[in-house]
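Numbering (the numbering used here), first residue to last: 43 to 476.
Using N, Cα and C, we set each Cβ at its ideal position, and we do this for glycine too.
From a predicted model like this one, the values you see are computed outputs, not experimental measurements.
What follows is a single structure, written as C-alpha coordinates, with notes after it.
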(Lines of atoms letter the chains of each structure in order from A and count residues from 1; the text may use other names and numbers.)
(Lines give C-alpha, C1' and ligand atoms only; values in the text may rest on other atoms or scores of the structure.)
Protein backbone atom coordinates (compact mmCIF):
# COMPACT_ATOMS: atom_id res chain seq x y z
CA UNK A 1 0.00 0.00 0.00
CA UNK A 2 1.45 3.35 -1.10
CA UNK A 3 1.87 5.90 1.67
CA UNK A 4 1.17 9.62 1.20
CA UNK A 5 4.42 11.65 0.95
CA UNK A 6 3.37 13.92 3.83
CA UNK A 7 2.87 10.90 6.08
CA UNK A 8 6.28 9.51 5.09
CA UNK A 9 7.87 12.92 5.75
CA UNK A 10 6.23 13.14 9.19
CA UNK A 11 7.49 9.70 10.12
CA UNK A 12 10.96 10.63 8.85
CA UNK A 13 10.99 13.83 10.95
CA UNK A 14 10.00 11.74 13.98
CA UNK A 15 13.08 9.54 13.49
CA UNK A 16 15.31 12.61 13.12
CA UNK A 17 13.99 14.13 16.36
CA UNK A 18 14.46 10.80 18.15
CA UNK A 19 18.18 10.68 17.38
CA UNK A 20 18.99 14.40 17.07
CA UNK A 21 19.85 15.15 20.70
CA UNK A 22 22.24 12.20 20.85
CA UNK A 23 23.78 13.11 17.51
CA UNK A 24 24.54 16.75 18.38
CA UNK A 25 25.75 16.20 21.95
CA UNK A 26 28.82 14.21 20.81
CA UNK A 27 30.32 16.98 18.61
CA UNK A 28 29.46 19.56 21.28
CA UNK A 29 31.31 17.59 23.98
CA UNK A 30 34.31 16.76 21.81
CA UNK A 31 34.55 20.22 20.19
CA UNK A 32 34.28 21.93 23.58
CA UNK A 33 36.97 19.70 25.09
CA UNK A 34 39.32 20.37 22.15
CA UNK A 35 38.84 24.13 22.39
CA UNK A 36 36.96 24.81 19.15
CA UNK A 37 35.37 28.25 18.71
CA UNK A 38 31.57 28.67 18.65
CA UNK A 39 31.71 29.09 14.86
CA UNK A 40 33.77 25.90 14.51
CA UNK A 41 31.38 24.07 16.86
CA UNK A 42 28.39 25.09 14.74
CA UNK A 43 30.18 23.79 11.64
CA UNK A 44 31.12 20.52 13.38
CA UNK A 45 27.52 19.88 14.48
CA UNK A 46 26.17 20.49 10.96
CA UNK A 47 28.91 18.30 9.52
CA UNK A 48 28.04 15.52 11.93
CA UNK A 49 24.33 15.68 11.04
CA UNK A 50 25.17 15.56 7.32
CA UNK A 51 27.44 12.53 7.67
CA UNK A 52 24.85 10.81 9.89
CA UNK A 53 22.46 11.08 6.95
CA UNK A 54 25.05 9.66 4.53
CA UNK A 55 25.91 6.82 6.95
CA UNK A 56 22.20 5.98 7.33
CA UNK A 57 21.74 5.84 3.54
CA UNK A 58 24.72 3.48 3.22
CA UNK A 59 23.19 1.11 5.77
CA UNK A 60 19.56 1.15 4.54
CA UNK A 61 20.42 0.90 0.84
CA UNK A 62 21.20 -2.80 0.35
CA UNK A 63 23.51 -3.74 -2.50
CA UNK A 64 26.06 -6.41 -3.30
CA UNK A 65 28.76 -5.13 -0.94
CA UNK A 66 27.18 -2.74 1.56
CA UNK A 67 23.99 -2.18 3.56
CA UNK A 68 22.05 -4.49 5.84
CA UNK A 69 18.77 -3.17 4.43
CA UNK A 70 16.94 -2.77 7.78
CA UNK A 71 15.17 0.43 8.96
CA UNK A 72 18.26 1.67 10.82
CA UNK A 73 19.41 5.20 11.66
CA UNK A 74 23.11 5.85 12.31
CA UNK A 75 24.78 8.56 14.39
CA UNK A 76 28.14 9.22 15.99
CA UNK A 77 29.01 6.71 18.70
CA UNK A 78 29.21 7.76 22.37
CA UNK A 79 31.88 5.09 22.92
CA UNK A 80 34.35 7.21 20.96
CA UNK A 81 33.98 10.43 23.00
CA UNK A 82 36.61 9.72 25.68
CA UNK A 83 39.21 8.19 23.33
CA UNK A 84 38.84 11.01 20.75
CA UNK A 85 39.32 13.71 23.42
CA UNK A 86 42.38 11.84 24.77
CA UNK A 87 43.88 11.44 21.26
CA UNK A 88 43.20 15.09 20.42
CA UNK A 89 44.84 16.29 23.63
CA UNK A 90 47.98 14.21 23.09
CA UNK A 91 48.38 13.99 19.31
CA UNK A 92 46.18 16.74 17.83
CA UNK A 93 43.20 16.85 15.48
CA UNK A 94 45.02 15.28 12.54
CA UNK A 95 45.72 12.08 14.52
CA UNK A 96 42.02 11.83 15.44
CA UNK A 97 40.97 11.74 11.80
CA UNK A 98 43.85 9.47 10.80
CA UNK A 99 42.89 6.92 13.44
CA UNK A 100 39.18 7.07 12.49
CA UNK A 101 40.11 6.61 8.82
CA UNK A 102 42.32 3.56 9.43
CA UNK A 103 39.88 1.98 11.93
CA UNK A 104 37.11 2.29 9.33
CA UNK A 105 39.25 0.52 6.74
CA UNK A 106 40.11 -2.22 9.27
CA UNK A 107 36.40 -2.74 10.03
CA UNK A 108 35.69 -3.19 6.31
CA UNK A 109 38.51 -5.75 6.10
CA UNK A 110 37.45 -7.78 9.16
CA UNK A 111 33.70 -7.61 8.39
CA UNK A 112 33.73 -11.07 6.76
CA UNK A 113 35.33 -12.63 9.84
CA UNK A 114 33.01 -10.77 12.20
CA UNK A 115 29.97 -11.90 10.22
CA UNK A 116 30.84 -15.54 10.95
CA UNK A 117 30.05 -14.86 14.60
CA UNK A 118 26.31 -15.20 13.88
CA UNK A 119 26.39 -18.67 15.49
CA UNK A 120 27.29 -16.97 18.77
CA UNK A 121 24.07 -14.90 18.72
CA UNK A 122 21.14 -17.23 19.53
CA UNK A 123 17.98 -15.67 21.08
CA UNK A 124 19.40 -15.95 24.61
CA UNK A 125 22.26 -13.64 23.58
CA UNK A 126 20.40 -11.27 21.25
CA UNK A 127 17.46 -10.96 23.65
CA UNK A 128 19.81 -10.25 26.57
CA UNK A 129 21.80 -7.68 24.56
CA UNK A 130 18.69 -5.82 23.38
CA UNK A 131 17.27 -5.84 26.92
CA UNK A 132 20.61 -4.47 28.18
CA UNK A 133 20.56 -1.73 25.52
CA UNK A 134 17.11 -0.63 26.67
CA UNK A 135 17.83 -0.77 30.41
CA UNK A 136 21.10 1.17 30.05
CA UNK A 137 19.31 3.91 28.07
CA UNK A 138 16.60 4.47 30.70
CA UNK A 139 18.94 6.46 33.03
CA UNK A 140 19.66 8.80 30.08
CA UNK A 141 15.91 9.30 29.63
CA UNK A 142 15.31 9.95 33.33
CA UNK A 143 18.15 12.48 33.50
CA UNK A 144 16.52 14.31 30.62
CA UNK A 145 13.13 14.10 32.36
CA UNK A 146 14.67 16.04 35.26
CA UNK A 147 16.21 18.62 32.92
CA UNK A 148 19.65 17.04 32.36
CA UNK A 149 22.42 16.72 34.93
CA UNK A 150 24.14 19.98 35.78
CA UNK A 151 21.22 22.21 34.84
CA UNK A 152 20.18 24.72 37.56
CA UNK A 153 16.55 23.55 37.46
CA UNK A 154 17.36 19.82 37.61
CA UNK A 155 14.38 17.96 39.03
CA UNK A 156 12.15 21.03 39.16
CA UNK A 157 8.36 20.66 39.19
CA UNK A 158 8.27 22.40 35.79
CA UNK A 159 10.58 19.83 34.19
CA UNK A 160 8.82 16.86 35.77
CA UNK A 161 5.42 18.21 34.68
CA UNK A 162 6.59 18.81 31.09
CA UNK A 163 8.20 15.37 30.84
CA UNK A 164 5.35 13.29 32.21
CA UNK A 165 2.78 15.54 30.52
CA UNK A 166 4.49 14.73 27.20
CA UNK A 167 4.54 11.02 28.04
CA UNK A 168 0.86 11.09 29.06
CA UNK A 169 -0.09 12.85 25.81
CA UNK A 170 1.76 10.17 23.82
CA UNK A 171 -0.03 7.41 25.75
CA UNK A 172 -3.44 9.04 25.14
CA UNK A 173 -2.73 9.30 21.39
CA UNK A 174 -1.63 5.67 21.34
CA UNK A 175 -4.74 4.55 23.23
CA UNK A 176 -7.42 6.44 21.32
CA UNK A 177 -6.03 6.66 17.77
CA UNK A 178 -5.05 4.13 15.12
CA UNK A 179 -2.93 4.18 12.00
CA UNK A 180 -0.99 7.32 11.12
CA UNK A 181 -1.75 9.35 14.29
CA UNK A 182 -0.60 6.46 16.45
CA UNK A 183 2.53 6.06 14.29
CA UNK A 184 3.59 9.71 14.81
CA UNK A 185 2.47 9.94 18.44
CA UNK A 186 6.08 10.54 19.58
CA UNK A 187 6.43 13.47 17.16
CA UNK A 188 3.06 14.94 18.16
CA UNK A 189 3.92 14.49 21.83
CA UNK A 190 7.20 16.40 21.45
CA UNK A 191 5.45 19.16 19.47
CA UNK A 192 2.72 19.50 22.12
CA UNK A 193 5.27 19.49 24.93
CA UNK A 194 7.36 22.17 23.21
CA UNK A 195 4.27 24.37 22.69
CA UNK A 196 3.40 24.14 26.39
CA UNK A 197 7.05 24.80 27.31
CA UNK A 198 7.02 27.93 25.12
CA UNK A 199 4.19 29.46 27.15
CA UNK A 200 6.10 28.54 30.31
CA UNK A 201 9.16 30.45 29.04
CA UNK A 202 11.25 27.28 28.58
CA UNK A 203 11.92 27.58 24.82
CA UNK A 204 14.92 29.60 23.63
CA UNK A 205 15.12 30.57 19.93
CA UNK A 206 18.49 32.36 20.14
CA UNK A 207 20.33 29.47 18.48
CA UNK A 208 18.00 29.73 15.48
CA UNK A 209 18.65 33.45 15.09
CA UNK A 210 22.43 32.99 15.26
CA UNK A 211 22.58 30.09 12.76
CA UNK A 212 23.38 30.75 9.09
CA UNK A 213 21.02 29.77 6.27
CA UNK A 214 23.53 27.79 4.22
CA UNK A 215 27.11 26.57 4.29
CA UNK A 216 29.20 24.35 2.04
CA UNK A 217 30.86 21.24 3.43
CA UNK A 218 34.49 20.65 2.46
CA UNK A 219 36.74 17.60 3.03
CA UNK A 220 39.53 17.91 5.62
CA UNK A 221 38.10 21.19 6.93
CA UNK A 222 39.84 21.03 10.31
CA UNK A 223 42.88 18.86 9.58
CA UNK A 224 44.46 16.45 7.10
CA UNK A 225 44.75 12.97 8.67
CA UNK A 226 48.05 11.89 10.20
CA UNK A 227 48.76 8.39 11.42
CA UNK A 228 49.99 7.35 14.88
CA UNK A 229 50.01 3.73 16.04
CA UNK A 230 48.51 4.15 19.53
CA UNK A 231 45.48 6.21 18.37
CA UNK A 232 44.85 3.77 15.51
CA UNK A 233 44.80 0.80 17.91
CA UNK A 234 42.52 2.71 20.30
CA UNK A 235 39.99 3.70 17.63
CA UNK A 236 40.05 0.18 16.16
CA UNK A 237 39.05 -1.15 19.58
CA UNK A 238 36.28 1.46 19.73
CA UNK A 239 35.10 0.37 16.26
CA UNK A 240 34.98 -3.31 17.29
CA UNK A 241 33.02 -2.39 20.42
CA UNK A 242 30.56 -0.48 18.21
CA UNK A 243 30.13 -3.58 16.02
CA UNK A 244 29.09 -5.57 19.10
CA UNK A 245 26.52 -2.88 20.01
CA UNK A 246 25.28 -2.76 16.41
CA UNK A 247 24.83 -6.54 16.34
CA UNK A 248 22.23 -6.24 19.08
CA UNK A 249 20.39 -3.54 17.12
CA UNK A 250 20.50 -5.62 13.92
CA UNK A 251 18.94 -8.63 15.64
CA UNK A 252 16.34 -6.47 17.39
CA UNK A 253 15.19 -5.01 14.07
CA UNK A 254 15.37 -8.44 12.47
CA UNK A 255 12.90 -9.66 15.09
CA UNK A 256 10.64 -6.58 14.76
CA UNK A 257 10.52 -6.74 10.95
CA UNK A 258 10.30 -10.53 10.79
CA UNK A 259 13.33 -10.80 8.52
CA UNK A 260 15.88 -13.52 9.28
CA UNK A 261 19.46 -12.24 9.06
CA UNK A 262 22.16 -14.23 7.27
CA UNK A 263 25.92 -14.11 7.68
CA UNK A 264 26.10 -12.14 4.42
CA UNK A 265 23.64 -9.54 5.76
CA UNK A 266 25.77 -9.00 8.85
CA UNK A 267 28.96 -8.67 6.80
CA UNK A 268 27.36 -5.97 4.64
CA UNK A 269 26.08 -4.19 7.75
CA UNK A 270 29.51 -4.18 9.40
CA UNK A 271 31.16 -3.12 6.14
CA UNK A 272 28.78 -0.15 5.88
CA UNK A 273 29.74 1.01 9.36
CA UNK A 274 33.40 0.86 8.39
CA UNK A 275 32.73 2.87 5.23
CA UNK A 276 30.71 5.41 7.25
CA UNK A 277 33.72 5.94 9.53
CA UNK A 278 36.00 6.44 6.51
CA UNK A 279 33.61 9.09 5.17
CA UNK A 280 33.46 10.64 8.64
CA UNK A 281 37.26 10.91 8.70
CA UNK A 282 37.40 12.48 5.22
CA UNK A 283 34.88 15.16 6.23
CA UNK A 284 36.51 15.54 9.69
CA UNK A 285 33.54 14.11 11.55
CA UNK A 286 33.26 10.94 13.66
CA UNK A 287 32.85 7.15 13.57
CA UNK A 288 29.21 6.06 13.23
CA UNK A 289 27.07 3.32 14.71
CA UNK A 290 23.41 2.29 14.89
CA UNK A 291 21.13 4.28 17.20
CA UNK A 292 18.99 2.08 19.45
CA UNK A 293 16.45 4.82 20.24
CA UNK A 294 15.23 4.52 16.66
CA UNK A 295 14.67 0.80 17.20
CA UNK A 296 12.23 1.68 19.96
CA UNK A 297 10.53 4.10 17.59
CA UNK A 298 10.11 1.42 14.89
CA UNK A 299 8.55 -0.88 17.51
CA UNK A 300 6.38 1.91 18.96
CA UNK A 301 5.08 3.28 15.64
CA UNK A 302 4.73 -0.13 13.97
CA UNK A 303 6.04 1.40 10.71
CA UNK A 304 8.86 -0.71 9.27
CA UNK A 305 9.00 0.81 5.77
CA UNK A 306 12.55 1.70 4.68
CA UNK A 307 11.17 4.70 2.75
CA UNK A 308 10.69 6.40 6.11
CA UNK A 309 14.39 5.93 6.94
CA UNK A 310 15.42 7.11 3.47
CA UNK A 311 13.37 10.23 4.18
CA UNK A 312 15.01 10.66 7.59
CA UNK A 313 18.45 10.33 5.96
CA UNK A 314 17.52 12.94 3.36
CA UNK A 315 16.33 15.32 6.09
CA UNK A 316 19.62 14.85 7.99
CA UNK A 317 21.62 15.65 4.86
CA UNK A 318 19.49 18.75 4.24
CA UNK A 319 19.95 19.89 7.84
CA UNK A 320 23.71 19.54 7.39
CA UNK A 321 23.64 22.14 4.62
CA UNK A 322 21.09 24.45 6.28
CA UNK A 323 22.17 25.16 9.88
CA UNK A 324 19.20 27.46 10.59
CA UNK A 325 16.70 24.62 10.06
CA UNK A 326 18.94 22.27 12.03
CA UNK A 327 18.94 24.76 14.93
CA UNK A 328 15.12 24.61 15.05
CA UNK A 329 15.27 21.04 16.31
CA UNK A 330 17.44 22.12 19.26
CA UNK A 331 14.69 24.28 20.80
CA UNK A 332 12.85 21.20 22.13
CA UNK A 333 13.32 21.33 25.93
CA UNK A 334 15.35 18.50 27.43
CA UNK A 335 12.52 17.47 29.74
CA UNK A 336 10.08 17.14 26.80
CA UNK A 337 12.61 14.97 24.99
CA UNK A 338 13.04 12.92 28.18
CA UNK A 339 9.31 12.18 28.36
CA UNK A 340 9.35 10.83 24.80
CA UNK A 341 12.55 8.87 25.51
CA UNK A 342 10.88 6.94 28.35
CA UNK A 343 8.41 5.50 25.81
CA UNK A 344 11.03 4.87 23.11
CA UNK A 345 13.69 3.30 25.33
CA UNK A 346 11.05 1.30 27.19
CA UNK A 347 10.04 -0.17 23.83
CA UNK A 348 13.64 -1.34 23.31
CA UNK A 349 13.41 -3.24 26.61
CA UNK A 350 10.06 -4.71 25.52
CA UNK A 351 11.66 -5.86 22.23
CA UNK A 352 14.42 -7.61 24.19
CA UNK A 353 11.91 -9.37 26.44
CA UNK A 354 9.95 -10.44 23.37
CA UNK A 355 13.11 -11.96 21.88
CA UNK A 356 13.83 -13.75 25.17
CA UNK A 357 10.38 -15.37 24.99
CA UNK A 358 11.90 -17.77 22.41
CA UNK A 359 14.47 -18.99 24.94
CA UNK A 360 14.16 -22.31 26.76
CA UNK A 361 13.67 -21.07 30.32
CA UNK A 362 13.71 -24.61 31.69
CA UNK A 363 17.49 -24.46 31.13
CA UNK A 364 19.30 -23.16 34.21
CA UNK A 365 22.25 -22.25 31.97
CA UNK A 366 20.10 -19.87 29.90
CA UNK A 367 18.73 -18.27 33.08
CA UNK A 368 22.30 -17.70 34.32
CA UNK A 369 23.36 -16.15 30.98
CA UNK A 370 20.45 -13.68 31.15
CA UNK A 371 20.97 -12.96 34.84
CA UNK A 372 24.71 -12.26 34.62
CA UNK A 373 24.67 -10.31 31.34
CA UNK A 374 21.77 -8.04 32.31
CA UNK A 375 23.22 -7.68 35.82
CA UNK A 376 26.66 -6.68 34.54
CA UNK A 377 25.20 -4.32 31.91
CA UNK A 378 22.94 -2.56 34.38
CA UNK A 379 25.63 -2.58 37.09
CA UNK A 380 28.25 -0.85 34.93
CA UNK A 381 25.63 1.71 33.85
CA UNK A 382 24.61 2.59 37.40
CA UNK A 383 28.22 2.54 38.73
CA UNK A 384 30.18 4.01 35.78
CA UNK A 385 33.42 4.35 37.79
CA UNK A 386 33.48 0.64 38.61
CA UNK A 387 36.54 0.01 36.40
CA UNK A 388 38.18 3.43 36.81
CA UNK A 389 41.44 1.87 38.06
CA UNK A 390 41.92 -0.25 34.94
CA UNK A 391 44.23 0.87 32.09
CA UNK A 392 42.64 3.19 29.49
CA UNK A 393 42.90 0.55 26.74
CA UNK A 394 40.82 -1.91 28.80
CA UNK A 395 38.34 0.72 30.01
CA UNK A 396 37.19 1.16 26.40
CA UNK A 397 35.72 -2.35 26.70
CA UNK A 398 34.35 -1.96 30.24
CA UNK A 399 33.09 1.63 30.51
CA UNK A 400 29.88 0.94 28.56
CA UNK A 401 27.18 -1.16 30.20
CA UNK A 402 25.99 -2.26 26.76
CA UNK A 403 29.44 -3.57 25.79
CA UNK A 404 30.22 -5.16 29.17
CA UNK A 405 26.82 -6.89 29.26
CA UNK A 406 27.05 -7.97 25.61
CA UNK A 407 30.48 -9.55 26.06
CA UNK A 408 29.20 -11.31 29.20
CA UNK A 409 26.24 -12.79 27.27
CA UNK A 410 28.43 -13.90 24.35
CA UNK A 411 31.10 -15.42 26.62
CA UNK A 412 28.64 -17.32 28.84
CA UNK A 413 26.73 -18.61 25.81
CA UNK A 414 30.01 -20.01 24.44
CA UNK A 415 30.77 -21.61 27.82
CA UNK A 416 27.34 -23.17 28.35
CA UNK A 417 25.84 -23.71 24.89
CA UNK A 418 28.53 -23.70 22.18
CA UNK A 419 31.21 -25.89 23.72
CA UNK A 420 29.03 -28.20 25.79
CA UNK A 421 30.92 -30.92 27.61
CA UNK A 422 30.15 -34.36 26.24
CA UNK A 423 27.54 -36.23 28.24
CA UNK A 424 29.17 -38.75 30.46
CA UNK A 425 27.59 -41.96 31.51
CA UNK A 426 25.42 -41.58 34.59
CA UNK A 427 26.77 -43.11 37.78
CA UNK A 428 25.09 -46.28 38.89
CA UNK A 429 21.99 -45.60 40.96
CA UNK A 430 22.24 -49.02 42.59
CA UNK A 431 25.05 -48.18 45.02
CA UNK A 432 24.28 -48.91 48.59
CA UNK A 433 26.04 -47.55 51.62
CA UNK A 434 26.75 -50.13 54.21
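Item to complete: Taking residue 102 and residue 351 to be in contact with their CB atoms under 8 Å, please state how far apart those CB atoms are, rounded to whole angstroms.
Response: Cβ atoms of residue 102 and residue 351 come within 8 Å of each other, at about 5 Å.
Discussion item. On the CB-based measure, 16 or more other CB atoms within 10 Å of its CB, does residue 107 come out buried or exposed?
Written reply: Only exposed fits residue 107, as fewer than 16 other CB atoms lie within 10 angstroms of its CB.
Item to complete: With distances taken Cα to Cα, identify the nearest neighbour of residue 270 among 142, 315, 381 and 69.
Response: Among 142, 315, 381 and 69, the Cα nearest to that of residue 270 belongs to 142.
Worksheet item: Grouping DSSP H, G and I as helix and E and B as strand, with all else coil, what is residue 544?
Response: This structure gives no information on residue 544, because the portion of the chain shown stretches from 43 to 476.
Discussion item. If I measure Cβ to Cβ from residue 153 and keep anything under 6 Å in the same chain, skipping five residues before and after, which residues do I get?
Written reply: If we look at residue 153 and ignore the five residues flanking it on each side, its Cβ neighbours are 309, 312 and 313.
Worksheet item: Where does residue 146 fall in DSSP's three states?
Response: Of the three classes helix, strand and coil, the one that applies to residue 146 here is helix, per DSSP.
Worksheet item: Terminal residues of the continuous beta strand (DSSP E) containing residue 117?
Response: 116-118 is the span of the beta strand (DSSP E), which, as asked, contains residue 117.
Discussion item. Is the separation between the beta-carbon of residue 202 and that of residue 183 shorter than 9 Å?
Written reply: It is not a contact, given that the beta carbons lie outside the stated cut-off.
Worksheet entry | For residue 224 and residue 408, the rounded distance between their alpha carbons | Straight-line Cα distance between these residues: approximately 36 Å.
Item to complete: Give a yes or no on whether the C-beta atoms belonging to residue 303 and residue 160 are separated by under 9 Å.
Response: The answer is yes: Cβ separation under 9 Å.
Worksheet entry | 7 Å Cβ shell around residue 385 - same chain, five flanking residues per side excluded | Take residue 385, set aside five residues on each side of it, and the residues of its chain with a beta-carbon closer than 7 Å to its own are 209, 212, 228 and 342, in chain order.
Worksheet item: Whose C-beta lies closer than 6 Å to the C-beta of residue 114 among residues of the same chain, with five residues either side of it excluded?
Response: Answer for residue 114: 101 and 332, listed in chain order.
Discussion item. Closer than 8 Å is the cut-off here; do at least three beta carbon pairs connect the segment 142-151 with the segment 322-336?
Written reply: Under the Cβ criterion (8 Å, minimum of three pairs), the segment 142-151 counts as touching the segment 322-336.
Worksheet item: By a C-beta neighbour count over all protein chains shown, 10 Å radius and 16 as the cutoff for buried, is residue 214 buried or exposed?
Response: By the neighbour-count criterion, in which 16 or more other beta carbons inside 10 Å mark a residue as buried, residue 214 falls on the exposed side.
Practice prompt. Report the three-state DSSP secondary structure of residue 107 (helix, strand or coil).
Written response: Here residue 107 sits in coil by DSSP.
Practice prompt. Tell whether a beta-carbon distance below 9 Å holds between residue 338 and residue 390.
Written response: Yes, these two residues count as a Cβ contact at 9 Å.
Discussion item. Please return the same chain residues whose Cβ sits closer than 6 Å to the Cβ of residue 458, not counting the five positions on each side in sequence.
Written reply: Cβ within range, chain order: 407.
Item to complete: Please report the residue range of the beta strand (DSSP E) in which residue 332 lies.
Response: Residue 332 -> beta strand (DSSP E) spans 330-332.
Worksheet item: Once you ignore the five residues that flank residue 162 on each side, which residues in its own chain have a CB closer than 6 Å to its CB?
Response: Cβ neighbours of residue 162 beyond the five flanking positions: 452.
Discussion item. Between the alpha carbons of residue 281 and residue 326, how many angstroms are there, rounded?
Written reply: In a straight line, the C-alpha of residue 281 is about 17 Å away from that of residue 326.
Worksheet item: Buried or exposed: where does residue 168 fall if 16 or more other Cβ atoms within 10 Å of its Cβ makes it buried?
Response: Buried is the call here.
Discussion item. Tell me whether the segment 259-275 and the segment 52-63 touch, counting them as touching only if at least three CB pairs, one residue from each stretch, are closer than 8 Å.
Written reply: Proximity of the segment 259-275 to the segment 52-63 falls short of the contact definition, fewer than three beta-carbon pairs being nearer than 8 Å.
Discussion item. Quick check: what's the CA-CA separation for residue 29 versus residue 376?
Written reply: Nothing in the structure corresponds to residue 29, since the chain is present only between 43 and 476.
Worksheet entry | Limits of the alpha helix (DSSP H) - the one that residue 430 falls within | Unbroken run through residue 430: none, as it is neither H nor E.
Worksheet item: When the distance is taken between beta carbons, is residue 259 closer than 9 Å to residue 362?
Response: Against a cut-off of 9 Å, the Cβ pair of residue 259 and residue 362 comes out as a contact.
Fill in: Proximal residues to residue 412 (C-beta, below 6 Å), its chain only, five neighbours per side dropped
Scanning its chain for C-beta atoms nearer than 6 Å, with the 5 sequence neighbours on each side dropped, one finds around residue 412 the residues 170, in chain order.
Discussion item. DSSP three-state label for residue 87, please.
Written reply: Helix at residue 87.
Worksheet entry | Reference residue 84, options 430, 256, 52 and 261, closest by Cα | Comparing Cα-Cα distances from residue 84 to each of 430, 256, 52 and 261, the minimum goes to 256.
Item to complete: Apply the 10 Å Cβ neighbour rule to residue 110 and answer buried if 16 or more other Cβ atoms are within range, or exposed otherwise.
Response: Flag for residue 110 reads buried.
Worksheet item: Roughly how many whole angstroms lie between the Cα atoms of residue 400 and residue 448?
Response: Looking at the two C-alpha atoms, the distance is approximately 18 Å.
Worksheet item: Would you say residue 477 and residue 387 are within 9 Å of each other, going by their C-beta atoms?
Response: Absent from the structure is residue 477, since the part of the chain shown begins at 43 and ends at 476.
Worksheet item: Shortest alpha-carbon distance to residue 356 belongs to which of 116, 206 and 394?
Response: Considering only alpha carbons, the answer is 116.
Discussion item. Taking the straight line between their C-alpha atoms, what separation do you get for residue 456 and residue 365?
Written reply: Distance between the alpha carbons of residue 456 and residue 365: 48 Å.
Worksheet item: Taking C-beta to C-beta, are residue 393 and residue 318 nearer than 9 Å?
Response: Cβ distance not < 9 Å, so residue 393 and residue 318 don't count as in contact.
Item to complete: Verify whether the separation of the beta carbon atoms of residue 428 and residue 421 is less than 9 Å.
Response: Against a cut-off of 9 Å, the Cβ pair of residue 421 and residue 428 comes out as a contact.
Practice prompt. For the alpha helix (DSSP H) containing residue 354, list its first residue and its last residue.
Written response: For residue 354, the enclosing alpha helix (DSSP H) starts and ends at 348-363.
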